[in-house]
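The next block holds one structure in the form of C-alpha cells; read it before the comments.
Numbering (our numbering), first residue to last: -11 to 325.
As C-alpha cells, then:
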C-alpha cells in the first residue's frame, strides 16, 4: 500500500504515511539521505539511488522532493523541474480528481508536496516561464493560505512579467509594506503604463524601505551596508541583490523606468525626504533604551507613511529649458529630446 491522502471534515487534506509500505520506503529514503549528508554518497550516486527507489515506490514524495532539490542546488533547473513535476504528478494521483481544498504546511506530511511546488515555481521563474510560475504561486497560496514558503513575494513579479499588469498591481500594492522589492515592482508596473506620478510615489516608498535596491538598479556595484539600523534582512543589501539578480532584466527594457528612477533618486526634494528617513535609521543605532528607540521608530514610520502623490505631482511635470527644450526632466537630463 502506498501513501494515502486523507480528507478532513473541514475539506482540507493531508498525506498519510502510516502504511507499512510507506514506512519502509521512508526508512530506506532516510538511510540514503543520511549517507549523502555524511559525505559517504556523492550527488551522482544519490541521484541514481533515488531514481532506483522511485521505480519501486513512485509515490514517495520525499524522494521526488529531495531529488528535485538536489538538482536545483546544482544549478540544473531543467532537471530540477522535471523531477519536481514527476513528484507533483505522483502527489496529484493520490488526491481525488479536482481536489480543491487546503493542504497546509502545519501537517508535516504535506511539506514534501509543498516544497515540490516551490521548486517548480523557482525553476519556472528562472526559465522565464512567468505565466506558469504565477499559476504555481497562486496554487501554493490556495493550498496553504499561511504561505509559510513566501509565494506571495514572487507571484506579483511573475504576474508582471507574464504581462498581467492589472493583476500584478493588486498583489504588489497589497504586499509591498511587507516586502520592499514590491515597491519597486509596483513603480515599474506604473512606469510601463506611463503613469509617472504613481510610479514616483511607489519608488519613493521603495527608497524608504530599502534604498540599496535603487543603487543596484542604477548599475552601482554591490553596495556595502550603511551605518544605520536594518530592521531585518529585507532592508539590507542581500535582499536587494537577490531581487535584482532574479528580476532585474525587465528594468533593462526600453520602458524608461530606469532613466526615471535615476532622476527621481537624485531629485533634490526626494533626497531631502530620503535623508530624513535615513537619519532616523542612523539614530536607532545609538538609541540608549527601548523607549527612545520606540520614539525614533514612530518618527521614521510617520515620515514613510507621509509619502503620497502630493510631492510626486509637484515634481513629475514637463519642464522647459533655457534653450526652449520641453519634456520630462529625466529625458532632458539625458539629452534625449
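From the three backbone atoms N, C-alpha and C, an ideal C-beta is built for every residue, glycine too.
If you're wondering where the values come from, they're calculated on a predicted model, not measured in any experiment.
Taken atom to atom, the span from the alpha-carbon of residue 66 to that of residue 234 is near 17 Å. Sixteen is the threshold: when 16 or more other Cβ atoms of the shown chains lie within 10 Å of the Cβ of residue 269, as they do, the residue is buried. Collapsing the DSSP output to three states places residue 210 in coil. Within the same chain, and ignoring the five residues on either side of residue 133 in sequence, no residue has its Cβ closer than 6 Å to its Cβ. Shown here, residue -5 sits in a strand according to DSSP, grouped into three states. Going by beta carbons, residue 171 and residue 202 fall outside the 8 Å limit. Residue state for residue 192 is assigned as helix, using DSSP reduced to three classes.
In this structure, the alpha-carbon of residue 157 lies about 6 Å from that of residue 174. Here the stretch 134 to 144 makes contact with the stretch 104 to 116; the two share three or more CB pairs at distances below 8 Å. Ranked by how close their Cα comes to the Cα of residue 149, the residues 211, 236, -8 have 236 in first place. Of all alpha-carbon atoms in 186, 128, 273, the one lying nearest the alpha-carbon of residue 218 is that of 273. Cβ atoms of residue 250 and residue 320 stay farther apart than 8 Å, at about 13 Å. With 16 or more other Cβ atoms from the protein chains shown falling within 10 Å of its own Cβ, residue 103 counts as buried. Shown here, residue 227 sits in a helix according to DSSP, grouped into three states. Inter-residue distance for residue 62 and residue 146 is about 23 Å (C-alpha atoms, whole angstroms). For residue 87 against residue 179, the beta-carbon gap comes to about 41 Å, at or over 8 Å, which does not count as contact.
Bridge partners of residue 307 according to DSSP: 315.
Sixteen is the threshold: when 16 or more other Cβ atoms of the shown chains lie within 10 Å of the Cβ of residue 71, as they do, the residue is buried. By the 16-neighbour rule on beta-carbons within 10 angstroms, residue 60 is buried. Between residue 168 and residue 194, the gap from beta carbon to beta carbon is short of 8 Å.
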